[in-house]
Every structure is written in structure tokens, then in C-alpha cells.
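K.L.:
Take the sequence shown: its position 185, counting from 1, is numbered 185 in the working numbering, and each next residue is one higher.
Every residue, glycine too, gets a C-beta built ideally from N, C-alpha and C.
I'd like to ask you about the structure that follows.
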Amino acid sequence: MKLIEIQVDRLVGPTHHFGGLGVGNVASLSHAGNVSNPASAAIQGLDKMRLVASFGVPQFILPPQPRPDVAFLKQVGFQIADGESLNQVAQQTPSVLSAAMSCSAMWTANAATVSPAIDNRFNVPSMTVANLDASLHRAIEAKATRQELQGLFPQANVLPPLPGGAAMRDEGAANHMRFGSDQNQAGIHLFVYGDGEPEPNHFWPRQSRLACQTLAIGQGLDPENTFFVKQHPDAIDAGAFHNDVVAASHHDLLIHHERAFCDPDSVIKQMADRYEQLFRRPLRRIVVSETDLPLADAVRTYLFNSQLISPQVDTENAAAPVLICPLQVQQHDQARTVVESWIGESKPFSDVRYVDLIQSMAGGGGPACLRLRIPLTPAELAQCNPRHRWTEELDDRLRQTIREFYPSEVSPMDLASAELISQSQQAHAEIAKLFQ
């Protein structure tokens, strides 16, 4: 039986802005205060979804989470009436206002950590919603995210976020990789954490080892098939606030920068040995050297945040994977050369496609950040909520809604305006109708 890796993206919301809230996120920090374009951001995300769907890959869409998050503002003490100006919040705590208006839930790679039924003790697709406790603007997402995933996957076990605050801070699938095949066979899980010695010098690690261990225990993963590796502090200090900025995986393939992990030869070798024992073939590993692509340029271009997909075609032989890279890779000579060396017959990928995600990239999110991948059997796929599956009709109607209700410019100074709040609420109401 096949195991199909579906892709779940979220439509970018109408209050998308550059608040500079991302901990250790160099792109987010460097673009703080700039004018954003929510309409363009949403269209760019839809363009990527359309591309993925064109390869026959099941693509699902979540609507943006409603903003402003009035319940959050009331919880922290502000007396806010629906539709009211948020000037009081802007004057007293602008960072709280930015968090309440944030569209960071668009980066669904941080929504949850996922295991297929074959791997876990529940014997159904399972996902633990990420608590995202390292960042205020992201920590407010978890409750709604769990409800959304439960609605999209009625057949799945959607576990609540880990408790425990900072000690258990968890950023979801961005720090987790599963290795296996396109068959429904138990796979191998690699969790990546950042805390512990040696510590980074500049940025706080956003994933703890304890969280990784607890995620594996909570989902009942086989300890023999579960591995933990520490992210290199140099990578965190360079702006790789998640592992998926310096490493990527797909089935039997691991690609990473040489400074992605601490002591990789020990843990990765153990994992590779276990993979070969289970699958009777070696785990393929590509290590990109500092000479071929400096770490700073890897972070700048988001090469390792490319999206790796297997086209779903009706043939006996599986199609070779396709690489979806941000446009910044194509525009960077060294990064483009690295990618071109991976494309062709007897190479890891059959093709590369470059996508313009400039709005997401300015906030620190490439193609892989924008999707949550979930391995499902065909029977499990058939149980997913069909109203959320990408179709030409849904795509067209979303684009029309964006054209009618999304602003083309938002600056941090606009966040408190009653006009933007009203426009955002109209947009959310219209989008919600499309998923009913």
C-alpha cells in the first residue's frame, strides 16, 4: 500500500505585516517596519499551491486565522469591543498589537509534528500541535490550529500542545524529519533541538531537547527508529531559527549544510545504519560544504527550505522527486549551481521549479515553511475534509476574494486603524464561506 505525502498550506491573511517578532529570524528582524503587501503575499502562496497540485500532489488549504485576535487582547487586559480601533493597544504595547494582528500561522510547517499510523502507538495518523512558546505572536495560534486540524483530519489523533512553557518549547515539523519510502512501512524519525551545550552566542534556541523527547514519547514512536541531534549553534546564530533552514529530507534522502548539526557523523551514521537495516538500501545523504555555499548564503537564499515533492502519476514506476526553490536560489550563483548539480538522470531530482515568495521570504519563510506534510494511505486521504482540498474552483474564488477585500499595503502604523480591522473582518467572513 502506498503512503502519500499530502501538503497543507494556509492562505496568508489580510493583516500580513512585517513586525520583526521572530526570535532569531534574521529575515524577519531585517524587514521589521517595512510596508507589506497582503494581497500579493496571498496570491504568491496560492501560486505555489497551484504548482504543487499540478504535479498531482494532494494539496489542502487552511483559511487564515481571524485577526485581530480580540480574545487574546482581552486576556492580557485590554477592554476591546469588536470593530473598535486598537489605538490604545498601539500606544501602550505596540508589540502586543503586532502579535494580535500577526499572520504567522501561514507558516504551517510549525503547526504540528506528524507521524503516520504505521509509526505510532495509536495506529491512526497522529499530530501533536506545536505550542510555539518561544514567541508571543505564535503562541496564540495553537488552540485554533488544533481545532482546524481536527476538522481537516477527522480520522486523525490531534494531540494538544506540550505543556511546560519554555522548557518544552516546540516549533513543530520544522524541526522534525521522517525517513522512509512511498510505501506504508514504518519509518525513521529525526528530531532536531537547539538548547544545551554548546549554546549559540546571539539567538535563543527555539526547540528544546526535552520537547523532542516528549513528542516522541507522546506519539508512541519506536525508540529504535527515533533519533535526536543538536542543531549547530553557528547555524542558529546565522539565522537558522529552525532546522528546515539548513536541512531538508524526502523519503530516503537527507540534504544538509555541513554546519547544520553538532557531531552529525555520530547520530546521522546511527540513523543511516538503522535505515539500511529496515529498508535494505542505504540512506542517501548530500552534505553541502561551506565552500560550495557559505552558511550565511544558505540562510539568505533559503536553499534548504525548498519544498521536495513526489509527483503522483498513474504509472508503475514512481516519478523522481521535484524541487521547488525560492526565486532567491535562482538569483544566487553558488546556490543555483548547487541545485543544478542535483538535477538530472540518476540524480536526486528530475526537475527544479523556482517560485516567487518575496512576501513570505521577507518574514523568514520559504516554500517548506509554508507547508505541513502529512503521510497518509489512500484510504486515510479519502477521509480528509474535501472542502479544504485545492481545486481550480476554490483557487479562483479565493483569488477573487483577495482582489476584493485584501489591502495592497500595510505598515505597522496601520495596524490600529478601524478601517483595516473592518477590511480584515470582511475578508475573513468571505473566506470562511468558501470552506463551509
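Classify K433: buried if its beta carbon has 16 or more other beta carbons within 10 angstroms, exposed otherwise.
P.N.:
Within the sequence shown, numbered from 1, the residue matching residue 433 stands at position 433. Counting Cβ neighbours within 10 Å, K433 comes out exposed, since fewer than 16 surround it.
K.L.:
Mind checking who S115 pairs with in its DSSP beta bridge?
P.N.:
Counting from 1 along the sequence shown, the entry for residue 115 is found at position 115. Answer is S126.
K.L.:
Just list the alpha helix (DSSP H) runs in the stretch 37 to 72, keeping only unbroken ones of 4 residues or longer that don't cross its boundaries, in chain order.
P.N.:
Whole alpha helix (DSSP H) segments, 4+ residues: 38 to 54.
K.L.:
Report the three-state DSSP secondary structure of S95 (helix, strand or coil).
P.N.:
What you label residue 95 is simply residue 95 of the sequence shown in a count that begins at 1. Correct three-state label for S95: helix.
K.L.:
Just to confirm, are L152 and H428 a CB contact at a threshold of 8 Å?
P.N.:
Your numbering for residue 152 matches position 152 in the sequence shown. Your numbering for residue 428 matches position 428 in the sequence shown. Not in contact: L152 and H428 (Cβ atoms no closer than 8 Å).
K.L.:
Whose C-alpha, out of S346, S135, S104, N34, is nearest the C-alpha of R169?
P.N.:
The residue labelled residue 169 in the question sits at position 169 within the sequence shown. When each option's Cα is compared against that of R169, the closest is S135.
K.L.:
For the structure I just gave you, are there three or more beta carbon pairs, one from the stretch 136 to 151 and one from the stretch 245 to 258, closer than 8 Å?
P.N.:
In short, these stretches do not touch, since the Cβ pair count stays below three.
K.L.:
Hey, would you say S173 sits closer than 8 Å to T113, going by beta carbons?
P.N.:
Within the sequence shown, the letter at position 173 stands for residue 173. Within the sequence shown, the letter at position 113 stands for residue 113. First, the amino acid is wrong: residue 173 is Ala here, not Ser. In this structure, T113 lies closer than 8 Å to A173 by Cβ.
K.L.:
Please say whether E141 and Q65 have beta carbons closer to each other than 8 Å?
P.N.:
Position 65 of the sequence shown, counted from the start, is the residue given in the question as residue 65. Position 141 of the sequence shown, counted from the start, is the residue given in the question as residue 141. Yes.
K.L.:
How long is the line joining the alpha carbons of P282 and D292, rounded to whole angstroms?
P.N.:
For the purposes of this step, residue 282 is taken as residue 282 along the sequence shown, with counting starting at 1. For the purposes of this step, residue 292 is taken as residue 292 along the sequence shown, with counting starting at 1. Distance between the alpha carbons of P282 and D292 is about 24 Å.
K.L.:
Spatial neighbours of P14 within its chain, please: C-beta separation below 7 Å, excluding the five flanking residues on both sides.
P.N.:
If you number the sequence shown from 1, residue 14 lands on position 14. So the qualifying residues of the chain are P38, F405, Y406, P407, Q423, S424, A427.
K.L.:
Check this for me: beta carbons of P367 and L381, under 8 Å apart or not?
P.N.:
As a working mapping, residue 367 is identified with position 367 in the sequence shown. As a working mapping, residue 381 is identified with position 381 in the sequence shown. In this structure, L381 does not lie closer than 8 Å to P367 by Cβ.
K.L.:
Return the residue from the list E345, A319, Q312, F349 that minimises the CA-CA distance to C325.
P.N.:
Residue 325 sits at position 325 when you count from the first residue of the sequence shown. Ranking the options by Cα distance to C325, first place goes to F349.
K.L.:
If you compare alpha carbons, which of S360, S181, P125, L376 is closest to C369?
P.N.:
Locating residue 369 in the sequence shown gives position 369, counting from the first residue. That would be S360, whose Cα lies nearest to the Cα of C369.
K.L.:
Judging by CA-CA distance, which residue of E199, Q183, N175 is the nearest neighbour of A216?
P.N.:
Looking up residue 216 in the sequence shown gives position 216. Comparing Cα positions, the closest option is N175.
K.L.:
Runs of 4 residues minimum, wholly inside the stretch 247 to 314: which ones carry the alpha helix (DSSP H) assignment?
P.N.:
DSSP runs (the alpha helix (DSSP H)) wholly in the stretch 247 to 314: 264 to 279, 295 to 301.
K.L.:
Taking all protein chains shown into account, decide if K442 is buried (16 or more other Cβ within 10 angstroms of its Cβ) or exposed.
P.N.:
Only positions 1 to 436 of the chain appear in this structure, which leaves residue 442 out of reach.
K.L.:
Between which two residues does the beta strand (DSSP E) containing K230 stretch?
P.N.:
Within the sequence shown, residue 230 is the residue found at index 230, counting from 1. DSSP places K230 inside the beta strand (DSSP E), whose first and last residues are 226 to 230.
K.L.:
Mark E5 as exposed unless 16 or more other C-beta atoms lie within 10 angstroms of its C-beta, in which case mark it buried.
P.N.:
For the purposes of this step, residue 5 is taken as the residue at position 5 of the sequence shown. Classification of E5: buried, given that the 10 Å Cβ count is 16 or more.
K.L.:
On the premise that M106 lies in contact with R10, defined as a C-beta separation below 8 Å, what is that separation, rounded to the nearest angstrom?
P.N.:
Indexing the sequence shown from 1 puts residue 10 at position 10. Indexing the sequence shown from 1 puts residue 106 at position 106. Contact flag correct, Cβ pair sits at about 5 Å.
K.L.:
What did DSSP end up calling C325 once you bin it into helix, strand or coil?
P.N.:
By one-based count along the sequence shown, residue 325 stands at place 325. Of the three classes helix, strand and coil, the one that applies to C325 here is strand, per DSSP.
K.L.:
Grouping DSSP H, G and I as helix and E and B as strand, with all else coil, what is V26?
P.N.:
Counting from 1 along the sequence shown, the entry for residue 26 is found at position 26. Reduced to three states, the DSSP call for V26 is helix.
K.L.:
Got a sec? Which residues, its chain only, sit under 6 Å from P161 by beta carbon, not counting five neighbours each side?
P.N.:
The sequence position of residue 161 within the sequence shown is 161, counting from 1. Counting only Cβ-Cβ distances below 6 Å, and skipping sequence neighbours, we find V129, N131, A142.
K.L.:
For the ligand PLP, I want to know if D9 counts as a neighbour, meaning its beta carbon is within less than 7 Å of at least one of the ligand's heavy atoms.
P.N.:
Because no ligand of any kind appears in the structure shown, any question about the ligand PLP cannot be addressed here.
K.L.:
Whole angstroms is fine: what's the gap from L398's alpha carbon to F279's?
P.N.:
The residue you call residue 398 lines up with position 398 of the sequence shown. The residue you call residue 279 lines up with position 279 of the sequence shown. If you take the alpha carbons of L398 and F279, they lie about 42 Å apart.
K.L.:
Within 10 angstroms of the Cβ of S36, are there 16 or more other Cβ atoms? Answer buried if so, exposed if not.
P.N.:
Here residue 36 is taken as the residue at index 36 of the sequence shown, counted from 1. It is buried - the Cβ of S36 has at least 16 other Cβ atoms within 10 Å.
K.L.:
In the DSSP output, what is F191 paired with across the bridge?
P.N.:
In the sequence shown, the residue the question calls residue 191 occupies position 191. DSSP output for F191 lists H176, F228 as bridge partner(s).
K.L.:
Rounded to whole angstroms, how far is the Cβ of Q383 from the Cβ of Q155, which I believe are closer than 8 Å?
P.N.:
Along the sequence shown, one-based indexing puts residue 383 at 383. Along the sequence shown, one-based indexing puts residue 155 at 155. Contact between Q383 and Q155 holds: their C-beta atoms lie close to 4 Å from each other, under 8 Å.
K.L.:
Under the DSSP definition of a beta bridge, which residues are partnered with F349?
P.N.:
Looking up residue 349 in the sequence shown gives position 349. I343, per the DSSP bridge assignment.
K.L.:
In its own chain, which residues sit with a C-beta less than 7 Å from the C-beta of L97, not counting the 5 before and 5 after it?
P.N.:
Taking the first residue of the sequence shown as position 1, residue 97 is located at position 97. So the qualifying residues of the chain are L86, V89, A90, L415, A416.
K.L.:
Please report the straight-line C-alpha distance between R50 and S40, rounded to a whole angstrom.
P.N.:
Walking along the sequence shown from the start, residue 50 turns up at place 50. Walking along the sequence shown from the start, residue 40 turns up at place 40. Cα to Cα, R50 sits roughly 15 Å from S40.
K.L.:
Please report the straight-line C-alpha distance between V352 and L303, rounded to a whole angstrom.
P.N.:
For the purposes of this step, residue 352 is identified with residue 352 of the sequence shown, where counting begins at 1. For the purposes of this step, residue 303 is identified with residue 303 of the sequence shown, where counting begins at 1. Approximately 12 Å, taken between the alpha carbons.
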